[in-house]
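Taken in order, these protein sequences are the chains called Y and H.
If you count the first sequence from 1, position 24 lands on 24 in this note's numbering, and the numbers rise without skipping.
If you count the second sequence from 1, position 75 lands on 294 in this note's numbering, and the numbers rise without skipping.
Protein chains: 2
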Amino acid sequence: MSQKIVLVEDDDDIREIVLYALHQAGFEALGFASGAGVLVHPVPDLYILDIMLPDEDGLSILKKIRGVSSVPVIMLTAKGSEHDKVKGLDLGADDYIAKPFGVMELISRIKALLRRSGGVQKELALSHGGITIDHAKRQVLASGTPVALTFKEYELLHYLMTNKGIALSRDKIVDVVWGYDFEGESRTVDMHIKSLRQKLGMAGEHIKTLRGVGYKLGE
Amino acid sequence: MSQKIVLVEDDDDIREIVLYALHQAGFEALGFASGAGVLVHPVPDLYILDIMLPDEDGLSILKKIRGVSSVPVIMLTAKGSEHDKVKGLDLGADDYIAKPFGVMELISRIKALLRRSGGVQKELALSHGGITIDHAKRQVLASGTPVALTFKEYELLHYLMTNKGIALSRDKIVDVVWGYDFEGESRTVDMHIKSLRQKLGMAGEHIKTLRGVGYKLGE
DNA sequence: TATTTGTGTAAAGTTTTTGTAAATTCTATC
DNA sequence: GATAGAATTTACAAAAACTTTACACAAATA
Numbered sequence: 001m002s003q004k005i006v007l008v009e010d011d012d013d014i015r016e017i018v019l020y021a022l023h024q025a026g027f028e029a030l031g032f033a034s035g036a037g038v039l040v041h042p043v044p045d046l047y048i049l050d051i052m053l054p055d056e057d058g059l060s061i062l063k064k065i066r067g068v069s070s071v072p073v074i075m076l077t078a079k080g081s082e083h084d085k086v087k088g089l090d091l092g093a094d095d096y097i098a099k100p101f102g103v104m105e106l107i108s109r110i111k112a113l114l115r116r117s118g119g120v121q122k123e124l125a126l127s128h129g130g131i132t133i134d135h136a137k138r139q140v141l142a143s144g145t146p147v148a149l150t151f152k153e154y155e156l157l158h159y160l161m162t163n164k165g166i167a168l169s170r171d172k173i174v175d176v177v178w179g180y181d182f183e184g185e186s187r188t189v190d191m192h193i194k195s196l197r198q199k200l201g202m203a204g205e206h207i208k209t210l211r212g213v214g215y216k217l218g219e
Numbered sequence: 220m221s222q223k224i225v226l227v228e229d230d231d232d233i234r235e236i237v238l239y240a241l242h243q244a245g246f247e248a249l250g251f252a253s254g255a256g257v258l259v260h261p262v263p264d265l266y267i268l269d270i271m272l273p274d275e276d277g278l279s280i281l282k283k284i285r286g287v288s289s290v291p292v293i294m295l296t297a298k299g300s301e302h303d304k305v306k307g308l309d310l311g312a313d314d315y316i317a318k319p320f321g322v323m324e325l326i327s328r329i330k331a332l333l334r335r336s337g338g339v340q341k342e343l344a345l346s347h348g349g350i351t352i353d354h355a356k357r358q359v360l361a362s363g364t365p366v367a368l369t370f371k372e373y374e375l376l377h378y379l380m381t382n383k384g385i386a387l388s389r390d391k392i393v394d395v396v397w398g399y400d401f402e403g404e405s406r407t408v409d410m411h412i413k414s415l416r417q418k419l420g421m422a423g424e425h426i427k428t429l430r431g432v433g434y435k436l437g438e
């Protein structure tokens, strides 16, 4: 089970080089050229963010990440002068690396951070396929935007998310979410699945129907 | 817990960009397009003043501020030539930044000033969405005006404020604020939430109802 | 292809939950 | 113990959520 790293870097060359090196080092690495789409992606084990990006700057992405998770973040800063300033600011990232940097150094810092954080890393939010559920806040984000769910909808999604990839029968779902067995047949579960899919929009497609069995979130 | 910054800058674009960056950096920032209204507002932790303003220039605002407070002030100066002149005069501001400036640099200087002036920032008051609760003074402000709360109302608000963004069940609220469990059903919590919302006026809308769960402040 | 079985979904009907005014009980203070 | 203000309960209206029904549609089966 290799660890996942998301890299956000607009310079194509740098991105390709770093991704290649990360793969060589045994990480599962995914690159983005801009902030768009980053937060739709499930939360990885570590982020590497360029502080200067075309659309949205690295800091604003950092803020959003920190809103849902305390996953380690490494910021890439441009020039020497800016680097010291940013580093001194302590904006909430775990490490700052000045460009140009050696790939080996980057990887060694990544490993250090993962070692350090791996211990008591408490994930605040569950994530999958653009869906994020923060149980403390009782808040759900689909593709980055908040979604208002009713009580049962939320409970159902939470159950699916905590069992992502697992096939769940209607009986099991009813037991867990409703807490008792319905008598006859009813479309209640289907009904709530429908509402969920609808409210989650695009991301709702990750809720799969298993004909004759029940439902499943993701692969 | 966040520090307040007032920005006076007539250029809409610059004002928006800087305000955005300040918010991203975790400050509570408020912008004015001209000098009017600035001094009516409560004194923040730091001012940023453009030296060239339509009605009243930044220097006269600076004078007035210095008349009542020694709060840090950063002046924004236009071009290179003027910058040096102003800087050499030492007009009483704590720092001078020439336009165009990098937002990162501005924020770094702000932090430096706040660190220097405030020492260790003693944060007495919690703030969110126009509601301020100063536990030392046991005083609550809603949209800037004092609100008289009863004991239970205050305790309830304080609990909500210290857990802003967190979903709180009625049981939890009762445990913490009332200290014991009610027997049967009762509308007591709802009742106090209602009074709070009423007394807080506009700002009361930040207390959200989570149907089937409880309540939550903000987010 | 025809049939059967299972699922999606809109809409109606029912239940649950919350908001709120008013009545009642409690508590501190004089 | 009288009184005023606060806290709690009661009762009901309003709003929101939940379940069921009914039927269309899709997939599996014969």
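Note that the Cβ used here is the ideal one computed from N, Cα and C, for glycine as well.
From a predicted model like this one, the values you see are computed outputs, not experimental measurements.
With which residues is residue i paired in a DSSP beta bridge?
i      : result
F32/Y  : V8/Y
G433/H : S388/H, L429/H
L46/Y  : I5/Y
V73/Y  : Y47/Y
I350/H : H347/H, A361/H
Could you check whether the Cβ of residue i sits closer than 8 Å to any Cβ belonging to chain Y?
i      : result
L429/H : yes
A361/H : no
D231/H : no
V432/H : yes
Q340/H : Residue placement at Q340/H cannot be trusted, given a pLDDT of 40 that sits under 50; what the coordinates show is reported in the next sentence. So, not an interface residue.
E438/H : yes
Taking the continuous alpha helix (DSSP H) assigned at residue i, which residues delimit it?
i      : result
K137/Y : Premise fails: K137/Y is in no alpha helix (DSSP H) and is neither H nor E.
D190/Y : 188-200
List the endpoints of the continuous beta strand (DSSP E) containing residue i.
i      : result
L149/Y : It is not in any beta strand (DSSP E) - L149/Y carries neither H nor E in the DSSP assignment.
H128/Y : 125-128
D95/Y  : 95-98
Whole-angstrom Cβ separation of residue i and residue j, contact assumed at under 8 Å?
i      : j      : result
L419/H : I350/H : 6 Å
I107/Y : I48/Y  : The pair is not a contact, with the Cβ atoms about 11 Å apart (cut-off 8 Å).
R328/H : D314/H : 6 Å
D50/Y  : D12/Y  : No, D50/Y and D12/Y are not in contact; Cβ-Cβ is about 12 Å, not under 8 Å.
L281/H : G311/H : 6 Å
S346/H : A422/H : Contact doesn't hold; Cβ gap of about 11 Å is too wide.
L241/H : A252/H : The Cβ separation is near 16 Å, so there is no contact.
L149/Y : Y215/Y : Not a contact, Cβ separation roughly 16 Å.
L19/Y  : G37/Y  : That pair is no contact at about 16 Å.
V8/Y   : A125/Y : Not quite, the Cβ-Cβ distance comes to about 19 Å (not below 8 Å), so this is no contact.
V177/Y : Y159/Y : 6 Å
Measuring only from the beta carbon, is residue i closer than 7 Å to any heavy atom that is part of the ligand SAH?
i      : result
V103/Y : Looking at this structure, you won't find the ligand SAH or any other ligand, since it has none at all.
### Query
What residues from the stretch 352-386 of chain H come within 8 Å of chain Y, judged by C-beta to C-beta, listed N to C?
Shown in chain order are the members of the stretch 352-386 of chain H whose Cβ falls below 8 Å from a Cβ of chain Y: G384, I385, A386.
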